[in-house]
Amino acid sequence: MTSSPAPRLSTERLQSLSEDDLHSLCEATHAAILDGGGFGWLSPPPHDVLERYFRGLLLVPERQLFVARHDGMIVGAAQLVRPPRNNEAQAMSATMMHFYIAPYARGLGLGQMLLTEVEQCARAMGYQILNLDVRATQEGAVALFRAHGFYHWGTHPSYARANGQTVSGLFFTKRLQDDERIVPAHPQDISTPIPAAGHAAVTGHSLTLYPAIDLKDGACVRLRRGEMDHATVYSDDPGAQARAWVHAGYRWLHVVDLNGAFAGRSANTEAIEAIIANATVPVQLGGGLRDLDSIGHWLSVGITRVILGSVAVKNPDLVREACRLFPGRIVAGIDARSGQVATEGWAETSEMKAVELGLRMQDAGVASVIFTEISRDGMLTGIDIAQTAELANTLDIPVIASGGVGSLEHLEALRAATAQAPGIEGVIVGRALYDGRVNPADALRVLA
1 MTSSPAPRLS TERLQSLSED DLHSLCEATH AAILDGGGFG WLSPPPHDVL ERYFRGLLLV
61 PERQLFVARH DGMIVGAAQL VRPPRNNEAQ AMSATMMHFY IAPYARGLGL GQMLLTEVEQ
121 CARAMGYQIL NLDVRATQEG AVALFRAHGF YHWGTHPSYA RANGQTVSGL FFTKRLQDDE
181 RIVPAHPQDI STPIPAAGHA AVTGHSLTLY PAIDLKDGAC VRLRRGEMDH ATVYSDDPGA
241 QARAWVHAGY RWLHVVDLNG AFAGRSANTE AIEAIIANAT VPVQLGGGLR DLDSIGHWLS
301 VGITRVILGS VAVKNPDLVR EACRLFPGRI VAGIDARSGQ VATEGWAETS EMKAVELGLR
361 MQDAGVASVI FTEISRDGML TGIDIAQTAE LANTLDIPVI ASGGVGSLEH LEALRAATAQ
421 APGIEGVIVG RALYDGRVNP ADALRVLA
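The structure is reproduced here in structure tokens:
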């Protein structure tokens, strides 16, 4: 008699939603609302309302969405809410909201896994305190929070109204950093320290590593300082390269059509299609995407996010319309030479400053910004952390760093910089990975 295989259980922070993920997330939320817990609704809204809610959620800079999966299907979620930048007095605190596991996936340990994922992320981002509140009737959740070291500091007797009855609510908090600072657990109890959580000492939060696949004449190449005449060919099989990066453990791929960037239209179509066919992780694509038809085409055939570069400077109305039509799937690529924005495949330099363009793109509705200092790209001399941090601290949307990574030390320095610039979300690495200067496993370990 053969036993059935154990279910695959996992948790993660989501940055984009596939149609399958969106469907399973809405189904899990619907079930949790019917069960009476984990969400603000008392009765489930229509499915299209839930879809709009979660699509919009990914566009809110102060919120991060975490999910729990059972055999790949989303069965639970939680949100980490960061304080707005004008709330300096409470900048050390984050709040967890809307935590739930669907009734059909309970009893497997996913709740504890999801709570740990959120807590570790908040700790890695430098927050000292994690707060949450919950209805007293949600006994399973209350028991989980207590078991996980959360401190119950207060009760609100009239916390919510459900099924015609007034329900009390419990307020919990947990210290995330092991330091000597005393933070009041309650405004009237300033002398009482919150129990410490452990011995974590993190200098910055985790980063997503985006391995670069730059395409020129159908091959995977790397340029020096963006100069097409200084291209090194690393592979003539883009599909195989995509498989290799996925096998190495990367959870995103960054693809640029270099010919397309100069031509103003997609020029490596077959190579891009080969990458899509071989990638089992999300792919973001840039280079030559300067009209709604080409943007819509690539998003419809498997690309998760498109990167708009030159058009961001020359046609901001197009960027705004693309963001409206494809929410959460448009990224602005800001390429700068000594702080001045470059366009047309880096062949031209404008008078616009990178920070100014970043603010314009944020206003247009882009999901994030990729910042590249061209003078460092492919030179292996290190990221321009000062410019990247300045941009990240100016914007309210995530910033992905690019250009110059040549060693693990460069990645460590960027990760450490996130302690002062939490808006930095990830880093693109190209030549250092292809040359073997940076080992994929070591890079993922350093950025975790």
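Quick note: the sequence shown uses my numbering, first residue 1, plus one each step.
Glycine included, C-beta positions come from ideal geometry on N, C-alpha and C.
Keep in mind that this is a model prediction, so the values were computed, not measured.
### Beta-carbon proximity list for PRO61, same chain, < 6 Å, skipping 5 on both sides
Correct list, in chain order: ASP396, ILE397.
### Task
Have a look at GLN188 and HIS152 and give me their C-alpha separation to the nearest angstrom.
Low confidence applies here, because GLN188 scores a pLDDT of 36, under 50, leaving its location unreliable; read the following figure in that light. Straight-line Cα distance between these residues: approximately 15 Å.
### Task
Helix, strand or coil for GLN188, going by three-state DSSP, please let me know.
A caution first: GLN188 carries a pLDDT of 36, below 50, which makes its placement in the model unreliable, though a value can still be read off. In the structure shown, GLN188 sits in coil (DSSP, three-state: anything other than H, G, I, E or B).
### Task
Indicate whether the contact test is met: 3 or more Cβ pairs, each with one atom in the segment 23–36 and one in the segment 47–59, closer than 8 Å.
Proximity of the segment 23–36 to the segment 47–59 meets the contact definition, three or more beta-carbon pairs being nearer than 8 Å.
### Query
Of the choices PRO44, VAL369, GLY56, GLY286, whose alpha-carbon is the least far from that of THR29?
Checked all of PRO44, VAL369, GLY56, GLY286; the closest Cα to THR29 is PRO44.
### Message
Which same chain residues end up closer than 7 Å to ASP35 when comparing Cβ atoms and leaving out the 5 residues on each side of it in sequence?
### Response
Correct list, in chain order: PRO103.
### Message
Within the continuous alpha helix (DSSP H) that includes HIS156, where are the two ends?
### Response
Unbroken run through HIS156 is the beta strand (DSSP E), 151–162; no alpha helix (DSSP H).
### Task
Closer than 7 Å by C-beta to ALA78: which residues in its own chain qualify, once you throw out the five before and the five after it? Chain order, please.
Correct list, in chain order: PHE66, MET96, HIS98, PHE99, LEU114, VAL118.
### Pairwise C-alpha distance: VAL429 and MET73
As the crow flies, the alpha-carbon of MET73 is around 30 Å from that of VAL429.
#### Entry: In DSSP terms, what GLN64 is bridged to
GLN64 pairs with LEU80.
### Query
What separation, rounded to the nearest whole angstrom, lies between the Cα atoms of SER93 and MET352?
Each residue's Cα considered, the two are about 36 Å apart.
### Straight-line Cα distance separating MET125 from SER449
Because the chain spans 1 through 448 in this model, residue 449 falls outside it and cannot be assessed.
### Task
Evaluate LEU447 with the Cβ neighbour count: other Cβ atoms within 10 Å of its Cβ, from every protein chain shown; 16 or more gives buried, anything less gives exposed.
So LEU447 ends up on the buried side.
### Query
Would the segment 260–267 and the segment 299–308 be scored as touching if the rule is three or more Cβ pairs under 8 Å?
Cβ pair count under 8 Å is below three, so no.
### Task
Measure the beta-carbon distance from LEU215 to ALA271 and round it to whole angstroms, keeping in mind my assumption that it falls under 8 Å.
Contact annotation, LEU215 with ALA271: C-beta distance approximately 5 Å; criterion of less than 8 Å satisfied.
### Buried/exposed call for GLN284, threshold 16 Cβ in 10 Å
So GLN284 counts as buried.
### Residue closest to ALA274, alpha-carbon to alpha-carbon, out of GLY260, ASP236, GLY286, ALA261
Comparing Cα-Cα distances from ALA274 to each of GLY260, ASP236, GLY286, ALA261, the minimum goes to ASP236.
### Test item: CB-CB of SER16 and GLY328 under 8 Å
In contact: SER16 and GLY328 (Cβ atoms closer than 8 Å).
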